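Read the structure below first, then the notes.
Protein chains: 2
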Amino acid sequence: MKAKLPLSRIAVVLSRTSHPGNIGAAARAMKTMGLRDLVLVAPRHAPGAEAVALAAGAADVLEQARVLPTLAEALADRALAFGFSARGRDLSHPARDWRAAAPEAIAATGEGLVALVFGNETSGLSNDELLSCQRLVSIPADPGYPSLNLAAAVQVACYELSLAASAFRVPQRAPRALATGAELERLHARLREALLGSGYLDPAEPGRLDERMRRLAARLALETEEVAILHGMIASLARRQ
Amino acid sequence: MKAKLPLSRIAVVLSRTSHPGNIGAAARAMKTMGLRDLVLVAPRHAPGAEAVALAAGAADVLEQARVLPTLAEALADRALAFGFSARGRDLSHPARDWRAAAPEAIAATGEGLVALVFGNETSGLSNDELLSCQRLVSIPADPGYPSLNLAAAVQVACYELSLAASAFRVPQRAPRALATGAELERLHARLREALLGSGYLDPAEPGRLDERMRRLAARLALETEEVAILHGMIASLARRQ
Numbered sequence: 342m343k344a345k346l347p348l349s350r351i352a353v354v355l356s357r358t359s360h361p362g363n364i365g366a367a368a369r370a371m372k373t374m375g376l377r378d379l380v381l382v383a384p385r386h387a388p389g390a391e392a393v394a395l396a397a398g399a400a401d402v403l404e405q406a407r408v409l410p411t412l413a414e415a416l417a418d419r420a421l422a423f424g425f426s427a428r429g430r431d432l433s434h435p436a437r438d439w440r441a442a443a444p445e446a447i448a449a450t451g452e453g454l455v456a457l458v459f460g461n462e463t464s465g466l467s468n469d470e471l472l473s474c475q476r477l478v479s480i481p482a483d484p485g486y487p488s489l490n491l492a493a494a495v496q497v498a499c500y501e502l503s504l505a506a507s508a509f510r511v512p513q514r515a516p517r518a519l520a521t522g523a524e525l526e527r528l529h530a531r532l533r534e535a536l537l538g539s540g541y542l543d544p545a546e547p548g549r550l551d552e553r554m555r556r557l558a559a560r561l562a563l564e565t566e567e568v569a570i571l572h573g574m575i576a577s578l579a580r581r582q
Numbered sequence: 342m343k344a345k346l347p348l349s350r351i352a353v354v355l356s357r358t359s360h361p362g363n364i365g366a367a368a369r370a371m372k373t374m375g376l377r378d379l380v381l382v383a384p385r386h387a388p389g390a391e392a393v394a395l396a397a398g399a400a401d402v403l404e405q406a407r408v409l410p411t412l413a414e415a416l417a418d419r420a421l422a423f424g425f426s427a428r429g430r431d432l433s434h435p436a437r438d439w440r441a442a443a444p445e446a447i448a449a450t451g452e453g454l455v456a457l458v459f460g461n462e463t464s465g466l467s468n469d470e471l472l473s474c475q476r477l478v479s480i481p482a483d484p485g486y487p488s489l490n491l492a493a494a495v496q497v498a499c500y501e502l503s504l505a506a507s508a509f510r511v512p513q514r515a516p517r518a519l520a521t522g523a524e525l526e527r528l529h530a531r532l533r534e535a536l537l538g539s540g541y542l543d544p545a546e547p548g549r550l551d552e553r554m555r556r557l558a559a560r561l562a563l564e565t566e567e568v569a570i571l572h573g574m575i576a577s578l579a580r581r582q
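Written as structure tokens, this is what we have:
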């Protein structure tokens, strides 16, 4: 649980959002990555049925969202605010790649509260809004079509944060039991014996078959159980000859 | 343009998608990250007006999408297919973190065509579908609510790919012209002189003000132009005394 603590100190602030559906989808995106604190600054419409539908299992995040009239109020208790922009070139201070900046956001939670700030769907963050943020960041995208949907940008932003915080791991299956060198040698010997018996392999001119089979087996990284299955298949095929 | 080549050899395959809107949103997510090749396997509804609306500026990706009846046909020309699953623990082969696996997808484009495969919104990829994929991957998410929206998962997947391919960079502003040591020394001297003149600084007991100002200036990484502005402000305030 300790790894999740930084994420609880980071709010997602959506400023002047036009479409309530995007607010719901953003809530869902946040919750999948362990973030819960959503702040809505002057949304055009209060989140209603459409937002709840798109929030899916994250309706709780939506319900607990704070709605505030100005960005200044949303950032009043924040020590560090990251403004997300797709613009970059025409801005007064340089944008950083969000992947490079995300660890700073996690580290800053040890010193204060943090915000990620996203602007209106069409126009993005205004210059005034960007000036309220101490950091300006961008998600690298195709310059020919850099327009991520608002909730998609929130998804990528929160994904990077959760990875920077090492919050979650992909669930692992029980470790595989790899075959040992001795088991593989017995398999190669068994295959060779069967192929000599069937006439596929000419003992006078064995060629490079053994080499190729060994290369193939090396790529496979066979498990002990799989070696046993192959033994059985070779034995069965050899019996039918 | 060379960096984009690997992405042109990677298709996104959506299997048995229920909601056409998700297909459109996935097309948009792909295009923002430089991917264009969309394959739809047995979608419940052919993408219509709703899909086009959610594709926004990526209607071309949607128009060029191939619709195929089976996953086998979608993967027929693919050398390597990555199946995305949120399940993990109950699967027969181990899932890898997509961030760790994405470089393998990029490298594989040098040897053949690649696919990223996503299942139905509700049920994900079936066991049979997963068995058609050579690799099983997951996006790390909160185990309490791991359900990324389909298009959000496509967005994160394509984002990782484009970063693994170093396809796009955040546009950089012209490099800043940082102030030199000599410029900073002149600023500190000017401030000290002004504060002695105003009586804020007692020459008999200067305390640690100079030290604090130097630490502050070090954090600021002032630009030459900013030093000039500060000089002007100090001069103006000193004149008013």
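Heads up: the protein sequence lines correspond to chains A and B, in order. Using my numbering, you'd call the opening residue of the first sequence number 342 and step up by one each time. Using my numbering, you'd call the opening residue of the second sequence number 342 and step up by one each time. No residue lacks a Cβ here, since even glycine has one placed at the ideal position from N, Cα and C. Computed from a predicted model, the values in this text were never measured in an experiment.
Give me the DSSP bridge partner(s) of residue i.
| i | result |
| --- | --- |
| residue 548(B) | DSSP output for residue 548(B) lists no bridge partner at all. |
| residue 509(B) | Note: residue 509(B) sits in no beta bridge, so no partner. |
| residue 570(A) | DSSP, once it has assigned bridges, lists no residue as partnering residue 570(A). |
| residue 456(B) | 352(B), 422(B) |
| residue 522(B) | Per DSSP, none; premise fails for residue 522(B). |
| residue 381(B) | 355(B), 408(B) |
| residue 478(A) | 425(A), 437(A) |
| residue 461(A) | 465(A) |
| residue 564(B) | 519(B) |
Using 10 angstroms around the beta-carbon of residue i, count the other beta-carbons present and answer buried if the total reaches 16, otherwise exposed.
| i | result |
| --- | --- |
| residue 481(A) | buried |
| residue 460(A) | buried |
| residue 490(B) | buried |
| residue 355(B) | buried |
| residue 395(A) | buried |
| residue 470(B) | buried |
| residue 543(B) | exposed |
| residue 537(A) | exposed |
| residue 484(B) | exposed |
| residue 384(A) | buried |
| residue 522(A) | exposed |
| residue 441(A) | exposed |
Rounded to whole angstroms, how far is the Cβ of residue i from the Cβ of residue j, which I believe are closer than 8 Å?
| i | j | result |
| --- | --- | --- |
| residue 443(A) | residue 421(A) | Wrong, their Cβ atoms sit about 12 Å apart, outside the cutoff. |
| residue 495(B) | residue 353(B) | 6 Å |
| residue 367(A) | residue 492(A) | 5 Å |
If you drop the 5 nearest sequence neighbours on each side, which residues of the same chain put their C-beta closer than 8 Å to that of residue i?
| i | result |
| --- | --- |
| residue 463(B) | 359 |
| residue 346(A) | 450 |
| residue 504(A) | 443 |
| residue 518(A) | 564, 565, 566 |
| residue 455(A) | 350, 351, 352, 419, 420, 421, 422, 423, 446, 449 |
| residue 525(B) | 558, 563, 568 |
| residue 570(B) | none |
| residue 413(B) | 473 |
| residue 550(A) | 536, 542 |
Does residue i come within less than 8 Å of chain A when only Cβ atoms are used?
| i | result |
| --- | --- |
| residue 438(B) | yes |
| residue 488(B) | yes |
| residue 574(B) | no |
| residue 450(B) | no |
| residue 398(B) | yes |
| residue 579(B) | no |
| residue 435(B) | yes |
| residue 503(B) | yes |
| residue 558(B) | no |
| residue 500(B) | yes |
| residue 511(B) | yes |
| residue 458(B) | no |
| residue 496(B) | yes |
| residue 562(B) | no |
Within a Cβ cutoff of 6 Å, which residues of the same chain sit near residue i, ignoring the five residues on either side of it in sequence?
| i | result |
| --- | --- |
| residue 388(B) | 361, 364, 403 |
| residue 372(A) | 399, 402 |
| residue 408(B) | 381 |
| residue 513(B) | none |
Should residue i be flagged as near chain B, meaning a C-beta pair shorter than 8 Å?
| i | result |
| --- | --- |
| residue 479(A) | yes |
| residue 587(A) | The structure shown does not extend to residue 587(A), since chain A spans only 342 to 582, so no value can be given for it. |
| residue 463(A) | no |
| residue 321(A) | No answer is possible for residue 321(A): it lies beyond the span of chain A, which begins at 342 and ends at 582. |
| residue 472(A) | no |
| residue 343(A) | Here the model assigns residue 343(A) a pLDDT of 43, short of 50, so the residue's position is not dependable, and the following value carries that caveat. Residue 343(A) does not count as touching chain B. |
| residue 369(A) | yes |
| residue 384(A) | no |
| residue 483(A) | yes |
Got a sec? Which residues, its chain only, sit under 7 Å from residue i by beta carbon, not counting five neighbours each side?
| i | result |
| --- | --- |
| residue 475(A) | 421, 422 |
| residue 392(B) | 361, 362, 364, 365, 403 |
| residue 439(B) | 478, 479, 480, 498, 501 |
| residue 532(B) | 554, 575 |
| residue 370(A) | 492, 495, 496, 499 |
| residue 303(B) | Because chain B in this structure spans residues 342 to 582, residue 303(B) falls outside the shown range and cannot be described. |
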